[in-house]
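2 protein chains.
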Amino acid sequence: MTQPRRRDKAATRSALLDAARRRFAQHGYDGTGVRDIAGDVGVDSALVFRYFGSKEQLYAQAVHAEIPAVAGEAPRPLTELTGALLHDVVFADWEQFGGEHPLLVMLRSSGRAAVRDHLREQICEGYLRSFADRFDGDDAELRAELVGALLLGIGVMRSLVGSPALGAAGFEATREQVARMVTALS
Amino acid sequence: MTQPRRRDKAATRSALLDAARRRFAQHGYDGTGVRDIAGDVGVDSALVFRYFGSKEQLYAQAVHAEIPAVAGEAPRPLTELTGALLHDVVFADWEQFGGEHPLLVMLRSSGRAAVRDHLREQICEGYLRSFADRFDGDDAELRAELVGALLLGIGVMRSLVGSPALGAAGFEATREQVARMVTALS
DNA sequence: CTCCTTAGTCATCGGTTGATGACTAAGGAG
DNA sequence: CTCCTTAGTCATCAACCGATGACTAAGGAG
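Each protein sequence line maps, in turn, to chains H and Z. To convert, take the position in the first sequence, counting from 1, and add 18; that gives the numbering used here. To convert, take the position in the second sequence, counting from 1, and add 18; that gives the numbering used here.
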């Protein structure tokens, strides 16, 4: 860490957000105390409430990540789109969140109803919608959600479960198998 | 609920386990208090420690479910095995756990390291091993874990995320699509 | 050098948590 | 009817929780 410049509101605020992201990502909402977060930054816990109002508002601001609109851009074929998403969601190193995608982080705090709502909103509005356009037939949405389930499941297996083969497999090997599964759907 | 027969140790103990399962399943480990569980049964919270020693031990005994060895039995073909697992893990109503499979319940408490260890053990030893036997090639385990990821992802989407299409789809429709994805792997 | 804004601290509150040990009373055995 | 085991209760602890308001001192403006 860099020597903390004293009395720098913006820097301290941002450092608190970083620490909150890592703590919440690793231990979930209920498992993280305000004093822990403040302690990581080397600051009194009262400052958290001064800057963010409450623990809940801090959490909301911490996990609020602008999910890159990897979907909307060019009308890429489905397998290419899936591969890009596999890269961003599962294999990208989200260093802000301690190495995991914010969606997987939210999963770890899914005991709270507010977190589940946010999770559903981001997955459905952000990701699934773009899948459904790539399928025909009346059950296009079901197949789109199956693709989403596969990607989400891979993320869960890698980060939460820590399964051996998926954890050790490289991006290219995984992408290839995923492509076979997805093309079988259309 | 039935009028509680007073002073029945076995019955009270089992009622506590049931209440614990439901509470832990719905609100996670950290979101559940010992007083909540005891309150559901209509009993003092001190009794929990008398019977189980600690909250952690109560949790361990509550989520410890003897996962049915759906895998080992007959050497069924892969798609049939997957269908059976889809039924048991995702579509079966695990009433003891508030309607969800214990694995998904554990996911909701995955902030604790001990829970993650238990989760990994049950998934890897209990489920994945039987998949790998159905594949050939050097990356059989990777493909086996991809099947596991798909099933787990479907469960997460249905219960935690609450996605619309997968939540509304019947077992048969889902099983059919899953079979297509799985056969594409072998 | 002084003043004044404000980043950060300190003491503390009320509530809840997991956990303990002394106690009460239910109810079968004799 | 009496006694004695024991299921269940009560009071209480120490630690921690999120949160609040009064305070201190850093440091640029003048």
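By construction, the Cβ of each residue, glycine as well, lies at the ideal position given by its N, Cα and C atoms.
How about residue 84 of chain H: is its C-beta nearer than 8 Å to some C-beta of chain Z?
Translated into positions along the first sequence, residue 84 of chain H becomes position 66. It does not; no Cβ of chain Z falls within 8 Å.
Of the choices H/161, H/143, H/102, H/122, whose alpha-carbon is the least far from that of residue 176 of chain H?
As a position in the first sequence, residue 176 of chain H is number 158, starting the count at 1. Per the Cα distances, H/122.
Assuming contact is defined by CB atoms lying nearer than 8 Å, are residue 46 of chain Z and residue 48 of chain H in contact in what I supplied?
If you number the second sequence from 1, residue 46 of chain Z lands on position 28. If you number the first sequence from 1, residue 48 of chain H lands on position 30. Yes, they are a contact pair.
Report the partner residues of residue 117 of chain H according to the DSSP bridge assignment.
Locating residue 117 of chain H in the first sequence gives position 99, counting from the first residue. H/112, per the DSSP bridge assignment.
Distance between beta carbons of residue 203 of chain H and residue 198 of chain Z, contact taken as under 8 Å:
Counting from one through the second sequence, the residue named residue 198 of chain Z turns up at place 180. Counting from one through the first sequence, the residue named residue 203 of chain H turns up at place 185. Right, the Cβ-Cβ distance comes to about 6 Å (below 8 Å), so this counts as a contact.
Might you give, ordered along the chain, the residues of its own chain that have their beta carbon closer than 7 Å to the beta carbon of residue 180 of chain H, omitting 5 neighbours on each side?
On the first sequence, position 162 is the one that residue 180 of chain H refers to. Closer than 7 Å at the Cβ level, and outside the excluded window around residue 180 of chain H, lies no residue.
How long is the line joining the alpha carbons of residue 160 of chain H and residue 128 of chain Z, rounded to whole angstroms?
Residue 160 of chain H sits at position 142 when you count from the first residue of the first sequence. Residue 128 of chain Z sits at position 110 when you count from the first residue of the second sequence. Rounded to whole angstroms, residue 160 of chain H to residue 128 of chain Z spans 28 Å at the Cα level.
Among Z/178, Z/182, Z/172, whose alpha-carbon lies nearest the alpha-carbon of residue 195 of chain Z?
For the purposes of this step, residue 195 of chain Z is taken as the residue at position 177 of the second sequence. Per the Cα distances, Z/172.
Please report the straight-line C-alpha distance between residue 183 of chain Z and residue 81 of chain H, rounded to a whole angstrom.
Here residue 183 of chain Z corresponds to residue number 165 of the second sequence, with the count starting at 1. Here residue 81 of chain H corresponds to residue number 63 of the first sequence, with the count starting at 1. Roughly 26 Å between the two C-alpha positions.
Measuring straight from C-alpha to C-alpha, what distance separates residue 42 of chain Z and residue 132 of chain H?
Looking up residue 42 of chain Z in the second sequence gives position 24. Looking up residue 132 of chain H in the first sequence gives position 114. Taking the straight line from one Cα to the other gives about 17 Å.
Cβ of residue 70 of chain Z versus every heavy atom of the ligand ZN: is any distance shorter than 7 Å?
Among the components of this structure there are no ligands whatsoever, and the ligand ZN is therefore not found.
Using alpha carbons as the reference points, say which of Z/145, Z/162, Z/146, Z/35 lies closest to residue 76 of chain Z.
Counting from one through the second sequence, the residue named residue 76 of chain Z turns up at place 58. Out of Z/145, Z/162, Z/146, Z/35, Z/35 has the C-alpha closest to the C-alpha of residue 76 of chain Z.
Leaving aside the five residues before and after residue 21 of chain H along the sequence, list all residues of the same chain whose C-beta is less than 6 Å from its C-beta, in chain order.
The residue you call residue 21 of chain H lines up with position 3 of the first sequence. Because residue 21 of chain H carries a pLDDT of 47, less than 50, the predicted location of this residue cannot be relied on, and the following value inherits that uncertainty. Closer than 6 Å at the Cβ level, and outside the excluded window around residue 21 of chain H, lies no residue.
Can you confirm whether residue 75 of chain Z, when its beta carbon is compared against all beta carbons of chain H, has any partner nearer than 8 Å?
Against the second sequence, residue 75 of chain Z aligns to sequence position 57. It does not: the Cβ of residue 75 of chain Z has no partner Cβ on chain H nearer than 8 Å.
Look at the alpha carbon of residue 189 of chain H and the alpha carbon of residue 68 of chain H, and state the distance between them as a whole number of angstroms.
Locating residue 189 of chain H in the first sequence gives position 171, counting from the first residue. Locating residue 68 of chain H in the first sequence gives position 50, counting from the first residue. Roughly 43 Å between the two C-alpha positions.
Cβ closer than 8 Å: which chain H residues qualify as neighbours of residue 183 of chain Z?
In the second sequence, the residue the question calls residue 183 of chain Z occupies position 165. Per Cβ cutoff of 8 Å: 157, 159, 160, 162, 163.
Beta-carbon contacts of residue 31 of chain Z that lie in its chain and below 6 Å, excluding the five residues immediately before and after:
The residue labelled residue 31 of chain Z in the question sits at position 13 within the second sequence. For residue 31 of chain Z, where only same-chain residues beyond five positions count, the Cβ hits under 6 Å are 69.
Please report how far the alpha carbon of residue 50 of chain Z lies from the alpha carbon of residue 108 of chain Z, in whole angstroms.
One-based indexing of the second sequence puts residue 50 of chain Z at position 32. One-based indexing of the second sequence puts residue 108 of chain Z at position 90. The alpha-carbon atoms of residue 50 of chain Z and residue 108 of chain Z are separated by roughly 24 Å.
Using only the alpha-carbon positions, how far apart do residue 135 of chain Z and residue 84 of chain Z sit?
In the second sequence, counting from the first residue as 1, residue 135 of chain Z sits at position 117. In the second sequence, counting from the first residue as 1, residue 84 of chain Z sits at position 66. When rounded, the distance between both Cα atoms is 16 Å.
Find the nearest neighbour of residue 149 of chain Z within the set Z/185, Z/130, Z/169, judged by alpha-carbon distance.
The count along the second sequence starts at 1 and reaches residue 149 of chain Z at position 131. Selected option, being the one with the closest Cα: Z/169.
Limits of the alpha helix (DSSP H) - the one that residue 136 of chain H falls within:
Within the first sequence, numbered from 1, the residue matching residue 136 of chain H stands at position 118. Taken as a continuous stretch (DSSP letters only), the alpha helix (DSSP H) holding residue 136 of chain H covers 131-139.
Roughly how many angstroms separate the alpha carbons of residue 60 of chain H and residue 111 of chain H, rounded to a whole number?
Residue mapping note: residue 60 of chain H aligns to position 42 of the first sequence, counting from 1. Residue mapping note: residue 111 of chain H aligns to position 93 of the first sequence, counting from 1. Going from the Cα of residue 60 of chain H to the Cα of residue 111 of chain H covers about 26 Å.
Could you give the distance in angstroms between the alpha-carbon of residue 126 of chain H and the alpha-carbon of residue 126 of chain Z?
As a first step, residue 126 of chain H must be located in the first sequence, where it is residue number 108. As a first step, residue 126 of chain Z must be located in the second sequence, where it is residue number 108. Computed Cα separation, rounded: 6 Å.
Thinking just about the alpha-carbon of each residue, which of H/44, H/27, H/152, H/40 is nearest to the one in residue 97 of chain H?
Position 79 of the first sequence holds residue 97 of chain H. The shortest Cα separation from residue 97 of chain H among H/44, H/27, H/152, H/40 belongs to H/152.
If you count every other CB in all the chains shown that lies within 10 Å of the CB of residue 93 of chain Z, and 16 or more means buried, which is it?
Locating residue 93 of chain Z in the second sequence gives position 75, where the first residue counts as 1. Residue 93 of chain Z comes out exposed.
Under DSSP, the alpha helix (DSSP H) around residue 48 of chain H begins and ends at which residues?
Within the first sequence, residue 48 of chain H is the residue found at index 30, counting from 1. Counting along the chain, residue 48 of chain H falls outside any alpha helix (DSSP H), and DSSP gives it neither H nor E.
Please classify residue 61 of chain Z: does DSSP put it in a helix, a strand, or coil?
Position 43 of the second sequence, counted from the start, is the residue given in the question as residue 61 of chain Z. DSSP places residue 61 of chain Z in coil when its eight states are reduced to three.
Those runs of the alpha helix (DSSP H) which lie wholly inside the stretch 124-193 of chain Z and span at least 4 residues:
131-139, 147-150, 158-174, 182-186
Rounded to whole angstroms, what's the CA-CA distance from residue 200 of chain Z to residue 165 of chain Z? Just pull it up for me.
Residue 200 of chain Z sits at position 182 when you count from the first residue of the second sequence. Residue 165 of chain Z sits at position 147 when you count from the first residue of the second sequence. Straight-line Cα distance between these residues: approximately 7 Å.
Drop a sphere of 10 angstroms on the beta-carbon of residue 37 of chain H, count the other beta-carbons inside from all chains shown, and report buried for 16 or more, exposed for fewer.
The residue labelled residue 37 of chain H in the question sits at position 19 within the first sequence. Buried, by the Cβ-count rule.
Let me know the secondary structure DSSP gives residue 105 of chain Z once reduced to three states.
As a working mapping, residue 105 of chain Z is identified with position 87 in the second sequence. Residue 105 of chain Z: helix per DSSP, three-state reduction.
Hey, is residue 79 of chain H's beta-carbon within less than 8 Å of any beta-carbon in chain Z?
Against the first sequence, residue 79 of chain H aligns to sequence position 61. Chain Z contact via Cβ: absent.
Within its chain, find whatever has a CB closer than 6 Å to the CB of residue 33 of chain Z; leave out the 5 residues flanking it on each side and keep chain order.
Here residue 33 of chain Z is taken as the residue at index 15 of the second sequence, counted from 1. Hits under 6 Å: 59.
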